[in-house]
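A.B. asks: Just so we're aligned, residue 15 is where the sequence shown starts under the working numbering, counting upward by one.
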Amino acid sequence: MVDNQNLLAEQRRAFILDEVRRRGGVRVNELTRTLMVSDMTVRRDLDTLARQGSLEKVHGGAVPVAEASTHEPGFEVKSSLEPSAKEDIARAAARLAAPGSAIALSGGTTTFALARQLLEVPDLTVVTNSVRVADVFHGAQRGAAGDGGQGRRPATVVLTGGVRTPSDSLVGPVADAAIASLHFDVLFLGVHGISREAGLSTPNLAEAETNRRLVGAARRVVVVADHTKWGTVGLSSFATLAQIDTLVTDGGLSAPARAEIREELPGLVVAGGPEGVADGPDPDRA
Numbered sequence: 015m016v017d018n019q020n021l022l023a024e025q026r027r028a029f030i031l032d033e034v035r036r037r038g039g040v041r042v043n044e045l046t047r048t049l050m051v052s053d054m055t056v057r058r059d060l061d062t063l064a065r066q067g068s069l070e071k072v073h074g075g076a077v078p079v080a081e082a083s084t085h086e087p088g089f090e091v092k093s094s095l096e097p098s099a100k101e102d103i104a105r106a107a108a109r110l111a112a113p114g115s116a117i118a119l120s121g122g123t124t125t126f127a128l129a130r131q132l133l134e135v136p137d138l139t140v141v142t143n144s145v146r147v148a149d150v151f152h153g154a155q156r157g158a159a160g161d162g163g164q165g166r167r168p169a170t171v172v173l174t175g176g177v178r179t180p181s182d183s184l185v186g187p188v189a190d191a192a193i194a195s196l197h198f199d200v201l202f203l204g205v206h207g208i209s210r211e212a213g214l215s216t217p218n219l220a221e222a223e224t225n226r227r228l229v230g231a232a233r234r235v236v237v238v239a240d241h242t243k244w245g246t247v248g249l250s251s252f253a254t255l256a257q258i259d260t261l262v263t264d265g266g267l268s269a270p271a272r273a274e275i276r277e278e279l280p281g282l283v284v285a286g287g288p289e290g291v292a293d294g295p296d297p298d299r300a
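#1: Look up R41 in the DSSP assignment and say whether it is helix, strand or coil.
#2: Of the choices V229, L267, R26 and G186, whose alpha-carbon is the least far from that of L255?
#3: For V135, does the three-state DSSP call read helix, strand or coil?
#4: Pop quiz: A28 and H241 are said to be a contact at Cβ under 8 Å. What is the actual Cβ separation, rounded to whole angstroms?
#5: Tell me where the alpha helix (DSSP H) around P78 begins and ends.
#6: Going by alpha carbons, who is nearest to D199 out of P270, A112 and D61?
#7: Would you kindly work out how many angstroms separate the C-alpha atoms of F202 and E33, rounded to a whole number?
#8: Cα-Cα, which of L173, N225 and A194 is closest to H206?
#9: Considering only residues of the same chain and omitting the five flanking positions on each side of N43, which have a CB-CB separation below 8 Å?
#10: Here's a check: name, in chain order, each residue in its chain whose Cβ is nearer than 7 Å to the Cβ of A189, leaving out the five neighbours to either side.
#11: Starting from A285, follow the beta strand (DSSP E) in both directions and report where the run begins and ends.
#12: For a quick check, are the C-beta atoms of R35 and G245 less than 7 Å apart?
#13: Whose CA, out of L31, V284 and V140, lies closest to the CA of D264?
#14: Does A191 pass the burial test, meaning 16 or more other C-beta atoms within 10 Å, or should it be called exposed?
#15: Out of curiosity, what's the CA-to-CA distance linking G320 and A212?
#16: Is it buried or exposed, S195, if we count other Cβ atoms within 10 angstroms and call 16 or more buried?
#17: So L95 and L69 are supposed to be a Cβ contact under 8 Å. How far apart are they, rounded?
#18: What span of residues does the beta strand (DSSP E) with D199 cover, start to end?
#19: Given a threshold of 16 other Cβ atoms within 10 Å of its Cβ, counted over all protein chains shown, does P136 qualify as buried or as exposed?
#20: Which one or two residues does DSSP pair with A253 in a beta bridge?
#21: Would you mind stating whether A127 and F151 have Cβ atoms separated by less than 7 Å?
#22: By Cβ distance, which residues of its chain are closer than 6 Å to A232, with the 5 residues on each side in sequence left out?
#23: Taking the straight line between their C-alpha atoms, what separation do you get for P280 and E101?
#24: Out of P217, A271 and A222, which has the shortest C-alpha to C-alpha gap to L249?
#25: From the DSSP output, in three-state form, read off G264 for me.
#26: Please list the terminal residues of the continuous beta strand (DSSP E) segment that includes V188.
#27: Classify D59 as buried or exposed, calling it buried when 16 or more other Cβ atoms lie within 10 Å of its own Cβ.
#28: The beta strand (DSSP E) spanning K71 covers which residue range?
#29: Could you give the DSSP three-state label for S181: helix, strand or coil?
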């Protein structure tokens, strides 16, 4: 039973969503007892989550949204999901990028948010297969040229070639060949889904292969993923949890999910406060 009788609405809904994903469904009467709130409060929470497309209401409860494992939303759609969580994650993850290091950023809306934070880290070399991420750094370069060179020196950016996906990532043989000869200090990796059983997964087969190359070229792998990605499984797995050094996520991740992740990963960072909260060893200090 949940101890706190005064959970905020967002915390209640995160708990409900995690229960739906973990158990495959929930009933209203179970949630009222567990959360110690009224039937009406639970139904309002389910209505809100259903409008967001996070679950499907059924008689007496809710079940997961029946989404094909091959479904891949476009960049604009993804950008509208969990925007504040992604900004929190981006701020926390940016602290893991050391000045002067060589880093890689995969495609995704969370890595896009991270790219904006990384503009403050000096002397980076950035390899990315994301058109949107590259645009962030190229925009900063144009701004630096416009201020007469008095601002911070912008990062050196390498954009792989490849075939563009709905999420504006470049994938396929051209991207894979470009990555094959490179080595990164840190890879910041966005994901479609992450679970204990399937590891990291994506609906796009070509993107799965490109992500495998990125993971293989990195000394450290930092996954940036909001709490809704936990329990989601795409068509193709491309990495196991054992290949991840750190997961940076947000405070919406439930306590049971955090416990599972701590059993699998050396580092878990739950973002949300001004400095974030580290729930595991810092890989730099291990």
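Virtual Cβ for every residue (Gly too), placed ideally from N, Cα, C.
Since this is a predicted model, take the numbers as computed values, not measurements.
C.D. replies: This is what the structure gives:
#1: Reading the sequence shown from its first residue, position 27 is the one you call residue 41. In the structure shown, R41 sits in a strand (DSSP, three-state: E or B).
#2: On the sequence shown, residue 255 is found 241 positions in, with the first residue counted as 1. Checking every option, the nearest Cα to that of L255 belongs to V229.
#3: Residue mapping note: residue 135 aligns to position 121 of the sequence shown, counting from 1. Here V135 sits in coil by DSSP.
#4: The residue you call residue 28 lines up with position 14 of the sequence shown. The residue you call residue 241 lines up with position 227 of the sequence shown. By a beta-carbon distance limit of 8 Å, A28 contacts H241. Their separation comes to about 6 Å.
#5: On the sequence shown, residue 78 is found 64 positions in, with the first residue counted as 1. Careful: P78 lies outside any alpha helix (DSSP H), inside the beta strand (DSSP E) at G75 to P78.
#6: Residue 199 sits at position 185 when you count from the first residue of the sequence shown. For D199, the nearest C-alpha among the options comes from A112.
#7: Position 188 of the sequence shown, counted from the first residue, corresponds to residue 202. Position 19 of the sequence shown, counted from the first residue, corresponds to residue 33. If I take the Cα positions, the gap works out to 28 Å.
#8: What you label residue 206 is simply residue 192 of the sequence shown in a count that begins at 1. Answer by Cα proximity: N225.
#9: Counted from its first residue, the sequence shown places residue 43 at position 29. Contacts found: D53 and G74.
#10: For the purposes of this step, residue 189 is taken as residue 175 along the sequence shown, with counting starting at 1. So the qualifying residues of the chain are N143, T174, G175, G176 and T224.
#11: Residue mapping note: residue 285 aligns to position 271 of the sequence shown, counting from 1. Run containing A285: G281 to A285, per the beta strand (DSSP E) assignment.
#12: Your numbering for residue 35 matches position 21 in the sequence shown. Your numbering for residue 245 matches position 231 in the sequence shown. Yes, the Cβ-Cβ distance between R35 and G245 is below 7 Å.
#13: Stepping through the sequence shown from its first residue, residue 264 is reached at position 250. The shortest Cα separation from D264 among L31, V284 and V140 belongs to V284.
#14: Numbered from 1 along the sequence shown, position 177 holds the residue referred to as residue 191. By the 10 Å Cβ count, A191 comes out exposed.
#15: Coverage of the chain is limited to positions 15 through 300, which leaves residue 320 absent and any answer about it impossible.
#16: What you label residue 195 is simply residue 181 of the sequence shown in a count that begins at 1. Burial state of S195 is exposed, judged by a 10 Å Cβ sphere holding fewer than 16 other Cβ atoms.
#17: In the sequence shown, residue 95 corresponds to position 81, counting from 1. In the sequence shown, residue 69 corresponds to position 55, counting from 1. In fact, because the Cβ distance is near 14 Å, the residues do not count as touching under 8 Å.
#18: Against the sequence shown, residue 199 aligns to sequence position 185. Its beta strand (DSSP E) spans residues F198 to G204.
#19: One-based indexing of the sequence shown puts residue 136 at position 122. P136 comes out exposed.
#20: The count along the sequence shown starts at 1 and reaches residue 253 at position 239. For A253, which the question treats as bridged, DSSP gives the partners L214.
#21: For the purposes of this step, residue 127 is taken as the residue at position 113 of the sequence shown. For the purposes of this step, residue 151 is taken as the residue at position 137 of the sequence shown. Cβ atoms of A127 and F151: not closer than 7 Å.
#22: Position 218 of the sequence shown, counted from the first residue, corresponds to residue 232. Answer for A232: F198 and L201, listed in chain order.
#23: Taking the sequence shown and counting its residues from 1, one reaches residue 280 at position 266. Taking the sequence shown and counting its residues from 1, one reaches residue 101 at position 87. Answer to the nearest angstrom: the Cα atoms are 23 Å apart.
#24: Position 235 of the sequence shown holds residue 249. Out of P217, A271 and A222, P217 has the C-alpha closest to the C-alpha of L249.
#25: For the purposes of this step, residue 264 is identified with residue 250 of the sequence shown, where counting begins at 1. Going by the sequence as given, residue 264 is Asp instead of Gly. The answer is strand: DSSP assigns D264 an E or B state.
#26: On the sequence shown, residue 188 is found 174 positions in, with the first residue counted as 1. V188: not part of any beta strand (DSSP E); member of the alpha helix (DSSP H) spanning P187 to A194, first to last residue.
#27: Numbered from its first residue, the sequence shown carries residue 59 at position 45. Buried, because 16 or more other Cβ atoms sit within 10 Å of the Cβ of D59.
#28: Here residue 71 refers to the residue found at position 57 when the sequence shown is read from its first residue. From DSSP, the beta strand (DSSP E) with K71 extends over L69 to V72.
#29: Walking along the sequence shown from the start, residue 181 turns up at place 167. In the three-state reduction of the DSSP assignment, S181 falls in the coil class.
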